[in-house]
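Novice: In UniProt numbering, the protein residues as written are 1 to 162. Don't be surprised by glycine CBs; every beta carbon is placed ideally from N, CA and C.
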């Protein structure tokens, strides 16, 4: 069982204690907002709600420390405190011990798929694979009963199998 708060890990302690009482191994994570996608030039800035998201899960203690560092940087480096966002260039040096999911429908890859740009979606996926490795990057599929979910999930699954 995992917890993935948005742009913070404030629920991690309470969640971990409750999971421990139930004999469940807790997985701590974050759905983090990026300042821009990997397919965009460095320095590109989007305003909320147009910033892409990815989900990071701590696989190890090192991964947990990296998630703590990345969420801190998202808050400290943000131009506006109420809109934390992470420069994706920081992911490369802080990916150890982390499993990365491509993100919800607000993720970069999902958006590219929704726009019919499968070539760019495939290229973005390869960039995340280069950062996290094949064993630590996965496509995130969600069925929220929103129009477009089925088609998006089919295309995301196809990308995952390529």
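Evaluate the contact criterion for the stretch 40-50 versus the stretch 13-22: three or more CB pairs, one atom per stretch, below 8 Å.
Specialist: Contact between the stretch 40-50 and the stretch 13-22 is absent, because fewer than three Cβ pairs lie under 8 Å.
Novice: How is residue 44 classed by DSSP in three states: helix, strand or coil?
Specialist: In the chain shown, counting from the first residue as 1, residue 44 sits at position 44. Correct three-state label for residue 44: coil.
Novice: Classify residue 51: buried if its beta carbon has 16 or more other beta carbons within 10 angstroms, exposed otherwise.
Specialist: Within the chain shown, the letter at position 51 stands for residue 51. Classification of residue 51: buried, given that the 10 Å Cβ count is 16 or more.
Novice: Can you tell me which of 70, 104, 114, 99 puts its alpha carbon nearest to the alpha carbon of residue 89?
Specialist: Taking the first residue of the chain shown as position 1, residue 89 is located at position 89. Selected option, being the one with the closest Cα: 70.
Novice: Take residue 92 as the anchor and find which of 134, 74, 72, 130 has the nearest alpha-carbon.
Specialist: Mapped onto the chain shown, residue 92 falls at position 92. Of the listed residues, the one whose Cα sits closest to residue 92 is 130.
Novice: Return yes when the Cβ of residue 155 is within less than 8 Å of the Cβ of residue 118, no when it is not.
Specialist: Here residue 118 refers to the residue found at position 118 of the chain shown. Here residue 155 refers to the residue found at position 155 of the chain shown. Yes, the Cβ-Cβ distance between residue 118 and residue 155 is below 8 Å.
Novice: Taking the runs of the alpha helix (DSSP H) that are 4 residues or longer, which of them lie wholly in the UniProt domain "PHP" (1-143)?
Specialist: With a minimum length of 4 residues, the continuous alpha helix (DSSP H) runs that stay inside the UniProt domain "PHP" (1-143) are 12-21, 61-76, 108-114, 118-132.
Novice: Near residue 95, what residues of its chain come up, given a Cβ to Cβ distance below 6 Å and the 5 sequence neighbours on each side ignored?
Specialist: Start at 1 with the first residue of the chain shown, and residue 95 comes out as number 95. Answer for residue 95: 131, 132, listed in chain order.
Novice: For residue 100 and residue 54, which I take to be in contact (beta-carbon distance under 8 Å), what is that distance rounded to the nearest angstrom?
Specialist: As a first step, residue 100 is located in the chain shown; it is residue number 100 there, counting from the start. As a first step, residue 54 is located in the chain shown; it is residue number 54 there, counting from the start. So it is a contact: roughly 6 Å between Cβ atoms.
Novice: Among 31, 97, 60, 5, which has the Cα closest to the Cα of residue 25?
Specialist: Residue 25 sits at position 25 when you count from the first residue of the chain shown. It is 60 whose Cα lies nearest to the Cα of residue 25.
Novice: I'd like the list of long-range same chain contacts for residue 139, defined as Cβ closer than 8 Å, with 5 residues on each side in sequence excluded.
Specialist: Reading the chain shown from its first residue, position 139 is the one you call residue 139. If we look at residue 139 and ignore the five residues flanking it on each side, its Cβ neighbours are 101, 102, 109, 125, 156, 157, 159, 160.
Novice: In angstroms, rounded to a whole number, what distance separates the CA positions of residue 136 and residue 81?
Specialist: On the chain shown, position 136 is the one that residue 136 refers to. On the chain shown, position 81 is the one that residue 81 refers to. Looking at the two C-alpha atoms, the distance is approximately 30 Å.
Novice: Tell me the rounded alpha-carbon separation between residue 97 and residue 57.
Specialist: Position 97 of the chain shown holds residue 97. Position 57 of the chain shown holds residue 57. So the alpha carbons of these two residues sit roughly 9 Å apart.
Novice: Using a Cβ-Cβ cutoff of less than 8 Å, which residues in the same chain neighbour residue 20 once the five nearest sequence positions on both sides are dropped?
Specialist: Position 20 of the chain shown, counted from the start, is the residue given in the question as residue 20. So the qualifying residues of the chain are 26.
Novice: Starting from residue 159, follow the alpha helix (DSSP H) in both directions and report where the run begins and ends.
Specialist: Against the chain shown, residue 159 aligns to sequence position 159. Residues 149-161.
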